[in-house]
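Residue numbers (this note's numbering): 424 to 773.
Yeah, the Cβ is synthetic: ideal placement off N, Cα and C, and Gly gets one too.
Inspection log for the structure reproduced underneath, given as structure tokens.
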Amino acid sequence: MKALVHGTLIDGTGTDPVPDATIAIDDDGHIADVGAGIEPPRGADVIDVSGRTIMPGLIDAHCHLSFGFPQMPGIPSARGTTSPEFSTLRAAGNLGKILRSGVTSVACPGGTWFIDVALRDAVEAGLIEGPRINCAGRFIITYGSIIDSEPSWVGTPEHSIGKLCNNVSDMITEVRRQCKHGVNFIKMADSQNGETQTISRAELQAVVEEAHRRNAPVTIHSRGAGSTRAAAQAGVDWILHADLAGEADLDAGAEAGSRLVPTATALHRALEMGAESGRSDRELDRIKHHIEAQSFVLQRSRELGIKVLCGTDTGNAPHMPYGEFHANEAELLVKLGGYTPMEALQACTR
424 MKALVHGTLI DGTGTDPVPD ATIAIDDDGH IADVGAGIEP PRGADVIDVS
474 GRTIMPGLID AHCHLSFGFP QMPGIPSARG TTSPEFSTLR AAGNLGKILR
524 SGVTSVACPG GTWFIDVALR DAVEAGLIEG PRINCAGRFI ITYGSIIDSE
574 PSWVGTPEHS IGKLCNNVSD MITEVRRQCK HGVNFIKMAD SQNGETQTIS
624 RAELQAVVEE AHRRNAPVTI HSRGAGSTRA AAQAGVDWIL HADLAGEADL
674 DAGAEAGSRL VPTATALHRA LEMGAESGRS DRELDRIKHH IEAQSFVLQR
724 SRELGIKVLC GTDTGNAPHM PYGEFHANEA ELLVKLGGYT PMEALQACTR
């Protein structure tokens, strides 16, 4: 048994920090007792953490594990997502970086093959060390959605992170296929920057109904106003980004009880990197606009009581490396959205 003593405790419920707290941990790694004024159990290995804060592990609600970008100079087998074997090993190696940064749970909204499902099961089986993983399969997309980057006669190859489904029947089939292979939730994806709505309300509704019938929640990449409102009205469980949502769109989200994962960190990182991230001045101006709009979204979401989760989009591009920015989103909730530090901590721990 171990006992951490004299630390400041944040328990993740939103209550005030507890000074001079003790946390007793049994031999199975479970918390046996916690609070102020507790004496360490007899025979416990006592660790003095004076001057430090103890809190729950972080949750990154938007962290891609096998999204792509596995190329490594000088390694012939690192051929991108066409090598599922290399992609799997690389993703498994990154789990340690995530865990050591204080993240004990991740939601992975889409990747290649069913690599993320395998990683989740390997962690649960004790084969590898890493955070708890909840994951989707490939994005369900239509023509014009993010990831629809190949010519129409090519579609979305097996190694793509998107699955092209241009009608309700195909979408329902893909939901069933992914659920069969053990995903935790379904990921849909609208247009890359919210410039147009690529998935209809009827298609959204059909995916939600089929997924929910199979006990799988649904999320969506949605930066645009129309797609955000349509997703909320269709019953999508949580919405990723929603940068350009207006007041009426957020009202629809609040009424439906949809959660929001803004992922402001990735936008700020892209802006910080500037031209180094391969973006033009025009693209950087667009990112600035999205950041400004996102400030309103966060502030209004807080006023409406929309539950906001912290997610960073780590792993979606080389400028979002593993283990580096997982705690950054909470800081941006405070700076952009007016959240209190404790509210921000709840958003990334509870």
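request  = Find out if the Cβ-Cβ distance for the pair Gln717, Asp674 is shorter than 7 Å.
outcome  = It is not a contact, given that the beta carbons lie outside the stated cut-off.
message = What does the Cβ neighbour count give for Lys711, buried or exposed, with the cut at 16 atoms within 10 Å?
response = With fewer than 16 neighbouring CB atoms inside 10 Å of its own CB, Lys711 falls in the exposed class.
query = Going by the CB atoms, is the gap between Thr686 and His485 shorter than 7 Å?
reply = Yes. Within cutoff.
query = Taking C-beta to C-beta, are Gly585 and Ile570 nearer than 7 Å?
reply = Contact flag set, yes.
N- and C-terminal bounds of the alpha helix (DSSP H) containing Met765 = First-last of the alpha helix (DSSP H) with Met765: 764-770.
task = Going by DSSP, name the residue or residues bridged to Cys486.
result = Answer is Thr737.
query = If you draw a straight line from the C-alpha of Ala770 to the C-alpha of Arg723, how long is it?
reply = If you take the alpha carbons of Ala770 and Arg723, they lie about 16 Å apart.
query = The alpha helix (DSSP H) with Asn751 in it runs from where to where?
reply = Membership of Asn751 in the alpha helix (DSSP H) is indicated by the continuous run 751-760.
key: Cβ contact (3+ pairs, closer than 8 Å) linking the stretch 502-521 and the stretch 462-479   = Segments in contact, no.
request  = Check the DSSP bridge columns for Phe509 and list the partner residues they point to.
outcome  = DSSP output for Phe509 lists no bridge partner at all.
key: Same chain only: Cβ atoms within 6 Å of Ala668, ignoring 5 sequence neighbours per side   = If we look at Ala668 and ignore the five residues flanking it on each side, its Cβ neighbours are Ala648, Thr651, Val720.
ask   = If you compare alpha carbons, which of Ile551, Glu547, Ile498 is closest to Gly516?
value = Of Ile551, Glu547, Ile498, the residue nearest in Cα terms is Ile551.
inquiry  = Determine whether the beta carbon atoms of Val591 and Ala629 lie at a separation below 7 Å.
reply    = Ala629 is positioned such that its CB atom lies closer than 7 Å to that of Val591.
message = Taking the alpha carbon of Val546 as the reference point, which residue from Phe562, Thr535, Leu518, Val526 has its own alpha carbon closest?
response = Each of Phe562, Thr535, Leu518, Val526 was checked against the Cα of Val546, and the nearest Cα belongs to Leu518.
task = Assign Glu625 to one of two classes, buried (16 or more other C-beta atoms within 10 Å of its C-beta) or exposed (fewer than that).
result = According to the sequence shown, residue 625 is Ala rather than Glu. So Ala625 counts as exposed.
message = Does the stretch 607-615 come into contact with the stretch 631-643, if we say contact requires no fewer than three beta-carbon pairs (one atom in each stretch) closer than 8 Å?
response = The count of Cβ pairs closer than 8 Å, one atom from the stretch 607-615 and one from the stretch 631-643, reaches three, so the stretches are in contact.
ask   = Among Ser645, Arg599, Asp660, which residue has its Cα nearest to the Cα of Arg637?
value = Taking each of Ser645, Arg599, Asp660 in turn and checking the Cα distance to Arg637, the smallest one comes out for Arg599.
inquiry  = Here's the rule I'm using: 16 or more other beta-carbon atoms within 10 Å means buried, otherwise exposed. How should Thr735 be labelled?
reply    = Label assigned to Thr735: buried.
key: N- and C-terminal bounds of the beta strand (DSSP E) containing Thr642   = From DSSP, the beta strand (DSSP E) with Thr642 extends over 641-645.
ask   = Can Val526 and Asp483 be called in contact, C-beta distance under 7 Å?
value = Cβ distance < 7 Å, so Val526 and Asp483 count as in contact.
Limits of the alpha helix (DSSP H) - the one that Lys603 falls within = First-last of the alpha helix (DSSP H) with Lys603: 591-603.
query = How close, in whole Å, do the beta carbons of Leu426 and Val441 come, if the pair is a contact with beta carbons under 8 Å?
reply = Going by the sequence as given, residue 426 is Ala instead of Leu. The beta-carbon separation of Ala426 and Val441, rounded to 15 Å, does not stay under the 8 Å limit for a contact.
ask   = When we look at the beta-carbon of Thr436 and count the other beta-carbons within 10 Å, is it buried (16 or more) or exposed?
value = By the neighbour-count rule (16 or more Cβ atoms within 10 Å), Thr436 is not buried but exposed.
message = What does the Cβ neighbour count give for Val731, buried or exposed, with the cut at 16 atoms within 10 Å?
response = In the assembly as shown, Val731 is a buried residue. Its beta-carbon has 16 or more other beta-carbons within 10 Å.
key: N-terminal and C-terminal residue of the beta strand (DSSP E) that His429 is part of   = 425-432 is the span of the beta strand (DSSP E), which, as asked, contains His429.
inquiry  = What does the Cβ neighbour count give for Val684, buried or exposed, with the cut at 16 atoms within 10 Å?
reply    = Buried, by the Cβ-count rule.
ask   = From Phe537 to His604, what does the alpha carbon distance come to, in whole angstroms?
value = Those two C-alpha atoms are separated by around 8 Å.
request  = Return the first residue and the last residue of the alpha helix (DSSP H) that Ile710 is part of.
outcome  = For Ile710, the uninterrupted alpha helix (DSSP H) run begins and ends at 704-727, by DSSP.
task = Provide the residue(s) that pair with His664 in DSSP beta bridges, ordered along the chain.
result = In DSSP, His664 forms a bridge with Ser645.
task = Would you identify the three-state DSSP class for Thr688, choosing helix, strand or coil?
result = Correct three-state label for Thr688: helix.
request  = Indicate the three-state DSSP secondary structure (helix, strand or coil) for Ser572 in the structure shown.
outcome  = Coil.
query = For Ala693, does the count of other Cβ atoms within 10 angstroms reach 16, so buried, or fall short, so exposed?
reply = With a threshold of 16 other beta carbon atoms within 10 Å, Ala693 meets it and is buried.
ask   = In angstroms, rounded to a whole number, what distance separates the CA positions of Gly760 and Arg725?
value = Taking the straight line joining both Cα atoms gives about 7 Å.
ask   = Ile448 to Leu481, Cα distance in whole Å?
value = Answer to the nearest angstrom: the Cα atoms are 19 Å apart.
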